[in-house]
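Numbering (our numbering), first residue to last: 1 to 404. Where a beta carbon is used, it is the ideal one built from N, C-alpha and C, also for glycine.
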């Protein structure tokens, strides 16, 4: 036995479950002599971001899309009904022959789709609707008898048209998916940006990592330094691609925003799965995804800048120049150091020389590739020990006469 609530949702003529419909839809599409029985309402199409949204709250009215009866609207409480003959427009989804309009905003019907398929072998109806939903925009709530997005009906109409024409493999053009945070090209661009930036700065950090595990990294540093400009160019190419994929103009439509209306219906009810990308997106959800996408891009950009400029500030992190200065009271010796590629190398050279017994102070000049060593005034310079420490650290060196 049906409950009272269930009876309110069932079409009194055919027994099929009806979908919620706005009172504004009835007031807009019923003939003048019938619409006074329906309270007026405000249109929500133009006020909502991302196109028309399904009705999610009780309005007191239901739409019957069954082609088996002529009832179009019925009241949940009073049982009042309105039939096809009482509307200003034909209800295409309730017809089995004829023109059968499907998109009331932009003029697509089963007949027009059949003509398109017969002429070109494919239908661009979905693509055309998605494009026009963005500009000039749709007015489904006051033009479509269902009061909802027509894309689901158009998708089914394409199937109907192909079946009536006897086409076994329809070539309906699927709408292009809108860019999202999950697009593979965007992910590749962001990951490529980070990886190339890390590689571009590897001439500085990789030798330090190798030395930390006891492997000389001087040769590696020199090799990577030669390729650093190329990797910098690649980094900015990937970064430019990432900005393009994130900020490029989006097409109308995108991921389906399925809003349950409480009775299992949504804006594209009955739409085949292969067309699920054609529905208008939910405004707030789309905005949230795009905002997150942009935040992620700027985080990647900051990381890229940090990696690319790593050779410039790594010396500060390692404490280059923080030791005791070489003074005039000390005996000084100058070393030409080979293998330094950045300030990080200068800091490592300084620590290597300072570890030699008898060395009081070290000053490393990375741009000139020189190091000045200070020892006790009456002591002797431990040349062999210093050169051995440099070689162990992965650098070459030779003592030279200091310039005066």
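Quick check: what's the CA-CA separation for residue i versus residue j?
i	j	result
residue 106	residue 58	28 Å
residue 236	residue 193	7 Å
residue 127	residue 345	58 Å
residue 425	residue 122	Missing from the structure shown is residue 425; the chain here goes from 1 to 404 and no further.
residue 337	residue 369	5 Å
residue 93	residue 25	16 Å
residue 398	residue 387	7 Å
residue 379	residue 326	15 Å
residue 203	residue 151	55 Å
residue 17	residue 184	41 Å
residue 63	residue 19	5 Å
residue 341	residue 354	20 Å
residue 233	residue 293	24 Å
residue 395	residue 389	9 Å
residue 132	residue 104	12 Å
residue 120	residue 38	44 Å
residue 145	residue 68	16 Å
residue 334	residue 364	10 Å
residue 13	residue 137	35 Å
residue 343	residue 246	35 Å
residue 27	residue 156	27 Å
residue 167	residue 112	16 Å
residue 15	residue 129	32 Å
Would DSSP call residue i helix, strand or coil?
i	result
residue 325	coil
residue 359	strand
residue 88	coil
residue 364	strand
residue 20	strand
residue 311	helix
residue 179	Unreliable placement is indicated for residue 179, whose pLDDT of 46 sits below 50; no coordinate value is reported for it.
residue 153	helix
residue 347	helix
residue 39	coil
residue 354	helix
residue 248	coil
residue 389	helix
residue 213	coil
residue 453	In this structure the chain extends from 1 to 404, so residue 453 is not present and cannot be described.
residue 167	coil
residue 228	helix
residue 291	helix
residue 306	helix
residue 67	coil
residue 401	coil
residue 300	helix
Going by the DSSP bridge assignment, what does residue i pair with across the sheet?
i	result
residue 61	75
residue 82	73
residue 396	338
What are the start and end residues of the alpha helix (DSSP H) that includes residue i?
i	result
residue 197	184-200
residue 25	23-29
residue 374	Run containing residue 374: none in the alpha helix (DSSP H); it sits in the beta strand (DSSP E), 370-375.
residue 10	That residue, residue 10, is in no alpha helix (DSSP H); it is neither H nor E in DSSP.
residue 35	32-35
residue 379	Unbroken run through residue 379: none, as it is neither H nor E.
Taking the beta strand (DSSP E) that residue i belongs to, which residues open and close that run?
i	result
residue 335	331-338
Return yes when at least one heavy atom of the ligand MN lies under 8 Å from the C-beta of residue i, else no.
i	result
residue 184	The ligand MN is not among the ligands present in this structure, which contains no ligands whatsoever.
Could you pull out every unbroken alpha helix (DSSP H) segment of at least 4 residues lying fully inside the region 99-149, listed in chain order? 110-120, 125-134 and 140-143
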